[in-house]
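Peer 1: Sequences listed follow chains A and B, in order.
Counting from 486, one number per residue, gives the positions in the first sequence under our numbering.
Counting from 486, one number per residue, gives the positions in the second sequence under our numbering.
Note that the Cβ used here is the ideal one computed from N, Cα and C, for glycine as well.
Since we're looking at a predicted model, the values are computed, not measured.
2 protein chains.
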Amino acid sequence: MINRVILMAKVRTQLVAWDDIVSWTRSLAEKIKSSGYRPDLVVAVARGGFVPARLLCDFLLIDNLISIQSQHWTEAAKAEDKAVIKFPYKLDLRGKKVLLVDDIVDTGESLSLAKEFITQNWNADEVKIAVLQWISPVAKFKPDFYHLEVKEWIWFQYPWTRLEDTYQFMKRMLSEESKYRKEWSYSEIVSKFMEWYDLDVGDEYLKGALRMLEESGFLRREGENYIVVYEG
Amino acid sequence: MINRVILMAKVRTQLVAWDDIVSWTRSLAEKIKSSGYRPDLVVAVARGGFVPARLLCDFLLIDNLISIQSQHWTEAAKAEDKAVIKFPYKLDLRGKKVLLVDDIVDTGESLSLAKEFITQNWNADEVKIAVLQWISPVAKFKPDFYHLEVKEWIWFQYPWTRLEDTYQFMKRMLSEESKYRKEWSYSEIVSKFMEWYDLDVGDEYLKGALRMLEESGFLRREGENYIVVYEG
């Protein structure tokens, strides 16, 4: 899971398609298979690990699938990052080998907390970590299995977080740009979004994000146009 | 989740693409929104509910995501179906509204067990069920939210269970067909698979399934051809 704070600036992005997810996860499954590691169950890190975890169950024919929610919280007062286990329930996994799955290792904070929690509280025999991307320059550890090592930081826009990312990206862009312009047509917003993020998420996500910004009171409609109400 | 036993015959199928999943889940999210139900957390039924649950978190902006594994087991001796909670852990969800998510309500056995478990053991204030498909003629209940009512039973081939389905379908087909023919070329297998299931899963899945059948000793390779070793 990636720290949300990073969304507060223009970022390098890469749109990830569903087909990418399938082929990346298939390649990850091949690596796990050839390593000889035979997990008894998959633990998905919520929320980023859910889709890769489900696909790994398919590719590795694993029936047992559970989840753990390990998340970053930015404490506003301290402006510092802390990972927490949100629902720290108990399980007995003695004698079991776990495959702990997330989308990406960024700093690795939330994943290493999840691993520690599973080892100490669920008593799993072994826990190995599998992810699609490993951002090696910032990560605190190297995952046991990864599809791709990323050497220059980039925002992977995964399909399961498309609305939330579009919403956050749009909000950031309009907050900044509203210094110069308050009223926008839809096509002006689309062009500016492409200029900022080079990310073609499609009309349904763009319009969905605009609707959410309207509902939250950040924007209001005037005829065909959008007015930024927010005062930064 | 659908009873695996059904895989033991030729079935009517529908290949579900990732884009279908996204638009179906978006429509499901719209229904939930307009109902006024505001869940505090999403509980995904493992394994079928993982992808729709993750997407609903995106479309509804819900942060809290956990899972429960409720599955059918066919007891061979009794030839009867029974749903069980695989990892019956404890949680305290007092004061919380739950959205319980699965891909499909077939008989509804596993989902209604999950709902009962969450209500009784996790003390959730309210549990509502959301699924992509509701097979109304066989389901024991009507889900609170569904994208599509299915009036004639059909096998939805979801993208997250493509390898397992292809493997099971292929195994069934070759078991039957091996009464008449033991040796197959790849293209003969592909044509027969289309004839049986009318399901174009693509070469990677077909070859993946064949490889698994080889690894399990059901098939062996002889040059370019596949020989069915299994004696039914």
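Establish whether the CB of E601(A) and some CB of chain B are separated by less than 8 Å.
Peer 2: So, not an interface residue.
Peer 1: Have a look at K581(A), Q605(A), I547(A), D548(A) and flag the residue whose alpha-carbon is nearest the alpha-carbon of Y574(A).
Peer 2: It is Q605(A) whose Cα lies nearest to the Cα of Y574(A).
Peer 1: Which residues in the same chain have their Cβ closer than 8 Å to the Cβ of M679(B), if we skip the five residues on either side of it in sequence?
Peer 2: The residues are D685.
Peer 1: Can you give me, in chain order, the residues of the stretch 604-638 of chain B that have a beta carbon less than 9 Å from any beta carbon in chain A?
Peer 2: Answer set for the stretch 604-638 of chain B: empty.
Peer 1: Would you please verify whether the beta carbon of V536(A) is less than 8 Å from any beta carbon of chain B?
Peer 2: Yes, its Cβ sits closer than 8 Å to a Cβ of chain B.
Peer 1: Under the assumption that D525(A) contacts K581(A) (Cβ atoms under 8 Å), give the Cβ distance between them as a whole number of angstroms.
Peer 2: With 8 Å as the limit, D525(A) and K581(A) qualify as a contact, their Cβ atoms being about 4 Å apart.
Peer 1: Quick one: what does DSSP say V507(B) is sitting in, helix, strand or coil?
Peer 2: DSSP places V507(B) in helix when its eight states are reduced to three.
Peer 1: List the residues of chain A that W645(B) touches, going by C-beta distances under 7 Å, in chain order.
Peer 2: R539, L540, D543, listed in chain order.
Peer 1: Any idea what DSSP makes of E634(A), helix, strand or coil?
Peer 2: E634(A) falls in the strand class under three-state DSSP.
Peer 1: Against A568(A), what residues of chain B qualify as contacts under a CB-to-CB distance less than 7 Å, listed in chain order?
Peer 2: Correct list: empty, because the minimum Cβ distance to chain B is about 14 Å.
Peer 1: When Cβ atoms are compared, which residues of the stretch 566-591 of chain A fall closer than 8 Å to chain B?
Peer 2: Result list: K571, F572, Y574, K575, L576.
Peer 1: Does any CB atom of chain A fall closer than 8 Å to the CB of R657(B)?
Peer 2: R657(B) does not count as touching chain A.
Peer 1: Within 8 Å of any Cβ in chain C, is that where the Cβ of I551(B) sits?
Peer 2: The structure shown contains no chain C; its protein chains are A and B.
Peer 1: At what residues does the alpha helix (DSSP H) containing F602(A) begin and finish?
Peer 2: Residues 594-606.
Peer 1: Does the distance from the CB of F654(B) to the CB of Y690(B) come in under 8 Å?
Peer 2: No, the Cβ-Cβ distance between F654(B) and Y690(B) is not below 8 Å.
Peer 1: Could you give the DSSP three-state label for S552(A): helix, strand or coil?
Peer 2: It is a strand residue.
Peer 1: Work out the CA separation of E709(B) and I506(A) for me, nearest whole Å.
Peer 2: Answer to the nearest angstrom: the Cα atoms are 31 Å apart.
Peer 1: Could you name the residues of chain B that Q554(A) contacts, counting a contact when the two beta carbons are closer than 8 Å?
Peer 2: The contacting residues are N549, L550, I551.
Peer 1: By how many angstroms is the C-alpha of M697(A) removed from the C-alpha of K664(A)?
Peer 2: Whole-angstrom Cα-Cα distance: 21 Å.
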